[in-house]
Amino acid sequence: MAVERLSDLEVRLTTPVTDEDVSELKIGDHVLVCGTIYTARDAAHNRMVQTLDAGGQLPIDLKGQLIYYTGPTPARPGHASGAIGPTTSMRMDPFTPRLLAEGLKACMGKGNRGLEVQAALKQYHAVYLMAVGGAGAMLSQFIKKIEVIAYEDLGTESLKRVEVEDFPAVVMDDCEGRDLLNEGRKQWRDTEKLGSYKPSEKIIVAQG
Numbered sequence: 016m017a018v019e020r021l022s023d024l025e026v027r028l029t030t031p032v033t034d035e036d037v038s039e040l041k042i043g044d045h046v047l048v049c050g051t052i053y054t055a056r057d058a059a060h061n062r063m064v065q066t067l068d069a070g071g072q073l074p075i076d077l078k079g080q081l082i083y084y085t086g087p088t089p090a091r092p093g094h095a096s097g098a099i100g101p102t103t104s105m106r107m108d109p110f111t112p113r114l115l116a117e118g119l120k121a122c123m124g125k126g127n128r129g130l131e132v133q134a135a136l137k138q139y140h141a142v143y144l145m146a147v148g149g150a151g152a153m154l155s156q157f158i159k160k161i162e163v164i165a166y167e168d169l170g171t172e173s174l175k176r177v178e179v180e181d182f183p184a185v186v187m188d189d190c191e192g193r194d195l196l197n198e199g200r201k202q203w204r205d206t207e208k209l210g211s212y213k214p215s216e217k218i219i220v221a222q223g
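The following block contains the structure:
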């Protein structure tokens, strides 16, 4: 099992990701990602979907993989990576269901996802993780190695293979169709009229 639960709120997820791993992840969980992940933004996503639609073969096998929406900056001497903060995830929404259908099991970025992607995550038994926005320099400390593997002409948006260790994120959408932001809003609606709104611990942690 590639999921190790460290506490009620924290898990360590080691790639590649299986269906069983995905089932263990619940909204609000703090996730420490380890192993190999891939980075791609909208230009690379568009190219991958075009390749699939044309009957071509992708440069990577997406089955069990995690894609992080980012375009890392060049590394300083002695460092594996420059700043590697998350890109707004909704930019990838037009492409995500197609890649999930190819076996992608997790994606990571910032912000919420559209309803179509939320439905696709449930349909294909996958999860969406949210990384810390505005902290790209800090996140670089969790990067062990980066290499360009495809679409080099896209520059920072090229498809890269990245080795990470305890890269921090939060489960925003799980495979049961639950969305952390929607759950927070629902909890507020259900209790606000009583004047006793108390966010759950998981929602407090995710927003803090």
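Just so it is clear: in the sequence shown, position 131 is 146 by the numbering used here, and no numbers are missing. Backbone N, C-alpha and C fix where the C-beta goes; we use that ideal spot for every residue, glycine too.
Query raised in the report: CA-CA distance, Val-132 and Cys-49?
Result: Numbered from its first residue, the sequence shown carries residue 132 at position 117. Numbered from its first residue, the sequence shown carries residue 49 at position 34. The alpha-carbon atoms of Val-132 and Cys-49 are separated by roughly 24 Å.
Query raised in the report: To the nearest angstrom, how far is it from the Cα of Phe-182 to the Cα of Leu-154?
Result: If you number the sequence shown from 1, residue 182 lands on position 167. If you number the sequence shown from 1, residue 154 lands on position 139. The alpha-carbon atoms of Phe-182 and Leu-154 are separated by roughly 7 Å.
Report task. Could you spell out the range, first to last residue, of the alpha helix (DSSP H) harbouring Arg-131? Result -> Here residue 131 corresponds to residue number 116 of the sequence shown, with the count starting at 1. For clarity, residue 131 is Glu in the given sequence; the question names Arg instead. Its alpha helix (DSSP H) spans residues 130–138.
**Report entry** the region 54–70 touching the region 132–149, judged by at least three CB pairs closer than 8 Å
**Finding:** no
Report task. Tell me whether the beta-carbon of Gly-100 lies closer than 8 Å to the beta-carbon of Thr-85. Result -> Sequence index remark: in the sequence shown, residue 100 carries index 85 (1-based). Sequence index remark: in the sequence shown, residue 85 carries index 70 (1-based). Yes, they are a contact pair.
Query raised in the report: Between the C-alpha atoms of Tyr-83 and Met-105, what's the straight-line distance to the nearest angstrom?
Result: Position 68 of the sequence shown, counting from 1, holds the residue named residue 83. Position 90 of the sequence shown, counting from 1, holds the residue named residue 105. Taking the straight line joining both Cα atoms gives about 13 Å.
Query raised in the report: Among all the DSSP beta bridges, which residues are the ones paired with Tyr-83?
Result: Residue numbering aside, residue 83 sits at position 68 when the sequence shown is read from its first letter. Paired residue(s): Thr-54, Met-123.
Query raised in the report: Thr-171 by DSSP, collapsed to three states: which one?
Result: Stepping through the sequence shown from its first residue, residue 171 is reached at position 156. Here Thr-171 sits in helix by DSSP.
Query raised in the report: Mind checking Leu-195: buried by the 16 CB within 10 Å criterion, or exposed?
Result: Indexing the sequence shown from 1 puts residue 195 at position 180. Buried is the call here.
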